[in-house]
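Undergrad: Take any residue in the sequence shown, count from 1 to its spot, add 5: that is its number in the numbering used here. Where is the CB? At the ideal position from N, CA and C, for every residue including glycine. Let me give you the structure first, and then I'll get to my questions.
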Amino acid sequence: MNAFTKELRGLSFEHLDEEIQKFINFLEVSNIQTKGPLVTRMIGTTIHEDGEITLDYNIYVQTVRELRLDGFAFYPEVVAENCLYTHFEGTQEEFGFVENKMSLYIWENDLIELGDVFTVHLEQRENWLVADVFKPLEKMNETL
């Protein structure tokens, strides 16, 4: 796959969109050859004693070759197995419903999520977003 990655740890929620745009700008300015869509991975959130919420977040893009640069990580492949999947087309404001609906489905079906959320950004223009969302689930070992 060749996943060129920006790993963001302890990121303030207010700066998330800015950091994603910086990554995209870096790719364009550096003339890095990419293929496929941008992929994001929400790894977790932390609520601090002062009420601040921070995120651990990865931004991936597939490159045509292995690429190692300071401040970035490189993974030969990124795998998310046993996922709940949702395809979304709608406005940015409606995107929050994806998380709510997936969480409800997980609860109703007694599933256990692992905490990560992968989003494949297929199309984005003005206020319209097309994305595939994947939530890894714990594998259930059911025997009769």
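1. To the nearest angstrom, how far is the alpha carbon of Asn132 from that of Gln26?
2. Thinking just about the alpha-carbon of each residue, which of Ser17, Phe102 and Met107 is nearest to the one in Gly56?
3. Go ahead and pull the three-state DSSP assignment for Leu149.
4. Once you ignore the five residues that flank Leu43 on each side, which residues in its own chain have a CB closer than 6 Å to its CB?
5. Please determine, among Leu109, Arg130, Lys40 and Thr45, the residue with the shortest C-alpha to C-alpha distance to Gln97.
6. Is the CB-CB distance between Phe9 and Leu72 below 8 Å?
7. Return the bridge partner residues of Glu140 from the DSSP annotation.
8. How should Ile64 be labelled, buried or exposed, when 16 other C-beta atoms within 10 angstroms of its C-beta is the threshold for buried?
9. What alpha helix (DSSP H) runs, 4 residues minimum, are completely inside the segment 61-128?
10. Per DSSP, which residues does Ile58 bridge with? Please list them.
11. Three-state secondary structure (DSSP) at Glu131?
12. Taking the beta carbon of Leu149 as the centre, do at least 16 other beta carbons fall within 10 Å, making it buried, or is it exposed?
13. Counting only the same chain and skipping the five closest in sequence on each side, list residues whose C-beta sits under 7 Å from that of Leu119.
TA: A quick look at the data gives this:
1. 15 Å
2. Ser17
3. Only weak support exists for where Leu149 lies, its pLDDT of 46 falling under 50; the coordinates are left without a value.
4. Val66 and His126
5. Arg130
6. yes
7. One point to set straight first is that residue 140 is Lys, not Glu, in the sequence displayed. In DSSP, Lys140 forms a bridge with Leu89.
8. buried
9. For the segment 61-128, the full-length alpha helix (DSSP H) segments reaching 4 residues or more read 101-113 along the chain.
10. Ile52
11. coil
12. Residue placement at Leu149 is poorly supported in this model, since its pLDDT is 46, which falls under 50; the coordinates still yield a value, given next. Per the 10 Å Cβ criterion, exposed.
13. Pro141, Leu142 and Glu143
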